[in-house]
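Trainee: My numbering applies: residue 11 is where the sequence shown begins, and numbers increase by one.
Built from N, CA and C at the ideal position, the CB exists for glycine as well.
Just so we're clear, the structure is a prediction, and the values are computed from it rather than from any experiment.
First, the structure itself, so that you have it in front of you.
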Amino acid sequence: MPLIVLLIGCSDLGSSAEVEILQQHEQLRSDLQRLESTTTRSSLREALDDPRLHPYALARAIYEQSELQAQAPTFLVQFVATLVAADVAPALVDQELDTLLEEFDEMRRQMSFYTRSPEVFYLTMLRLSQKTANTERTEVLRQRVEQSIANMDNDSMARRLRSQLIEFYIEIGEPELAHPNYEQIEDSTLRVLLAISLAKAYAEKSHIAEANQLIDEFDSSRSELVYLIEDWVKLLLLVDRKEQAIEFLYDMRDAHLNVSAQQGTTLFFTNSMNLNMIIRLLRELGREIEAREALVQSYYFGLENHPGDWFLLRGMLPYLKGFQVQGEQTLFEEAKRDLFNRLYAFVISDERFQQRIFEFTQSMKELGLEDLGREFIDRIAVFNSEELQVTPAMFYFSMSYAYGMLGDNEKAKRYLQPLLDDFSLLEQLFASEGLGPSGVLTFLLEAGHIDEAKALLGRNPDLTHVQLVLQHLITSERLNDALAFTAEHETRIEMTIFMLLRIASGYLQQGQLPNAQDRALMAQHWSQYMPMAKEN
């Protein structure tokens, strides 16, 4: 059975493999002039059928004329997912889903090698179908997924897919369907993760008894809950078990304060964020006195038992936030003065200067202490960069990154400018071990310097870096540039298809159709995949 052509509209436009490329270009130019006046009248549905009008249809045309049919499930799912994610053209989505299922089933009969793990495919289709009005197809897919997972021999794969199915049921508000699958999960860590989500879903449907049953299963399992403290507390409050939530927080507080006697001080500092979260939750639940006692006790324990390295500094920063929230101004000033002095001496002498700056900046942003973070970076910024164990390029980069992360865009631009003025400095950073290409590209892209990022790619860029730049072009709504960039960097046809689909998603999310310039660019680079216009 030949591969079914999914875009019915394309076949009506007519095409001839005998037409010469130059002749086709002439015809396309004429077509584009005619389409110029009709694009505004063209519906989205029509555009999605015409590879001259939309990158979605162009991607489909390239696929249909390629030799990628053996990989049909991967590509066809991407086509449907692009439309579903944008919530457009429901009739086309339904048509595509039905066709896709037919294609996959036919492929399983003829080329089973390419359709291994059909459970993954059917689960993906279930998620997509759930977003449509076709409840009959969705139910058929649901039963097929359930049965397929039940019959799997690979326990690891079955567990992973079952947990994904449970998450799907919870997302659509059907905890009753999720529960039988939950009972099949044996891994204790996975069970507690799923139990919290499942219990919450029950509680939100006012099925309190079922929620409490799941809570009772793990109420005494403190080790599984140590990294899920806030989620567990919120769940207990959802079912009116406030006192139990408070007792749980007391237990978690005591476990943290006693951890040094059991496992050493390193874990104490690693878990500082957890302790400050516990203190915050106690305060929110009306236990201000207990919260303050825990905060002060743990802070002084840290000062007396620190391992004398970065764990102290990173582990103690959360106490600044704790003292600020508790209104302990004297302790706050004391801690800031002591910690910043230690941190300053540590950072300026560390050979991993930029890494320390990144970690400090991220911690202060996470804590909501951007003002304090900028105060510290100001102190670092006036230090003579020649005395640091870091190149001028890395110093400029680190300062620009820190100020940008902490909300001072003016200073971020000031420190970035020397790098923009001397492209060789950017090239040094791009090749450096301390940052690497992805770090530099991400930084430039987020700062809005897309053209500089493109220039760093070179002639044979890594595909990951190409995708990174493409996504930022799309996010910045520079869709014409994204099309040109795709044409410049197309290496393998499958990647061209995926890149066009991402651009198509950009148009769909914005509710726009490609303009005349966009259509001309598509015709210039991919005319061989475009059918000749049918004369009216």
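1) Could you check what DSSP says for Gly417 in three-state terms: helix, strand or coil?
2) Of the residues Val98, Pro128, Arg118, which one's Cα is nearest the Cα of Thr142?
3) By the 10 Å Cβ neighbour count, where 16 or more other Cβ atoms means buried, how is Lys331 classified, buried or exposed?
4) Check for me: the alpha helix (DSSP H) holding Ser359 runs from which residue to which?
5) Answer with buried or exposed for Gly312, where buried requires no fewer than 16 other C-beta atoms within 10 angstroms of its C-beta.
6) Tell me whether Ile180 sits in a helix, a strand or coil according to DSSP, three-state version.
7) Let's see if you can read the secondary structure: which residues bound the alpha helix (DSSP H) around Arg469?
8) Only counting the same chain, and skipping five residues up and downstream in sequence, which positions put a Cβ closer than 6 Å to that of Phe386?
9) Mind reading off the beta-carbon distance from Pro65 to Leu510? Whole number of angstroms is fine, and I expect it under 8 Å.
10) Under the assumption that Arg512 contacts Leu63 (Cβ atoms under 8 Å), give the Cβ distance between them as a whole number of angstroms.
11) With respect to the alpha helix (DSSP H) encompassing Ser282, which residues constitute its N-terminal and C-terminal limits?
12) Can you grab the Cα-Cα spacing for the pair Thr109 / Pro185, in whole Å?
13) Between Gln552 and Leu489, what straight-line distance do the alpha-carbon atoms span, to the nearest angstrom?
14) May I have a chain-ordered list of the beta strand (DSSP E) segments no shorter than 3 residues that lie completely inside the segment 177-227?
15) Going by Cα to Cα distance, which pick from Thr474, Asp491, Leu483, Asp461 is closest to Met505?
16) Please report the Cβ distance between Leu259 and Leu291, rounded to the nearest whole angstrom; I am assuming they are in contact, meaning their Cβ atoms lie under 8 Å.
17) Using only alpha-carbon positions, find the residue among Leu78, Asn144, Arg55, Asp60 that is nearest to Tyr508.
18) Where does Asp108 fall in DSSP's three states?
19) Can you give the Cα-Cα distance for Leu531 and His482, rounded to whole angstroms?
20) Beta-carbon within less than 7 Å of Ala27's beta-carbon, same chain only, minus the 5 sequence neighbours each way: which residues are those?
21) Reducing DSSP to helix, strand and coil, say where Ser53 ends up.
22) Considering just the uninterrupted stretch of the alpha helix (DSSP H) at Thr264, what are its terminal residues?
23) Give the list of continuous beta strand (DSSP E) stretches no shorter than 3 residues that lie fully inside the segment 487-538.
24) CA-CA distance, Arg137 and Phe228?
25) How would you call Gln538, buried or exposed, if buried means at least 16 neighbouring beta carbons within 10 angstroms?
26) Check for me: the alpha helix (DSSP H) holding Val450 runs from which residue to which?
27) What's the gap between the Cα of Leu455 and the Cα of Gln140?
28) Grab the span of the alpha helix (DSSP H) containing Ser373 for me, first residue to last.
29) Nearest-angstrom Cα distance between Gly521 and Met326?
30) Tell me the rounded alpha-carbon separation between Ser515 and Asp264.
31) Going straight from the alpha carbon of Glu220 to that of Leu102, what length do you get?
32) Cβ of Gln254 within 8 Å of Cβ of Leu245?
33) Do you know offhand how far Met135's Cα is from Arg154's?
34) Tell me which residues share the same chain as Ala71 and place their Cβ nearer than 6 Å to its Cβ, disregarding the 5 neighbours each side in the sequence.
35) Is DSSP giving Ser127 helix, strand or coil here?
Mentor: Taking the definition as stated:
1) coil
2) Val98
3) buried
4) 339-359
5) buried
6) helix
7) Where Arg469 is concerned, there is no enclosing alpha helix (DSSP H), given that its DSSP letter is neither H nor E.
8) Phe350
9) 4 Å
10) About 18 Å separates the two Cβ atoms, so there is no contact after all.
11) 282-294
12) 30 Å
13) Because residue 552 is not part of the residues shown, which for the chain are 11 to 546, the question remains open.
14) none
15) Thr474
16) 6 Å
17) The amino acid at residue 508 is misidentified as Tyr; the sequence shows Phe. Comparing Cα positions, the closest option is Leu78.
18) helix
19) 19 Å
20) With a pLDDT of 35 at Ala27, under the threshold of 50, the modelled position of that residue is not reliable, and the figure given next carries that caveat. There are no such residues.
21) coil
22) Going by the sequence as given, residue 264 is Asp instead of Thr. Element bounds for Asp264: 252-267.
23) none
24) 30 Å
25) exposed
26) 446-456
27) 36 Å
28) 363-377
29) 48 Å
30) 50 Å
31) 40 Å
32) no
33) 11 Å
34) Pro61, Tyr539
35) coil
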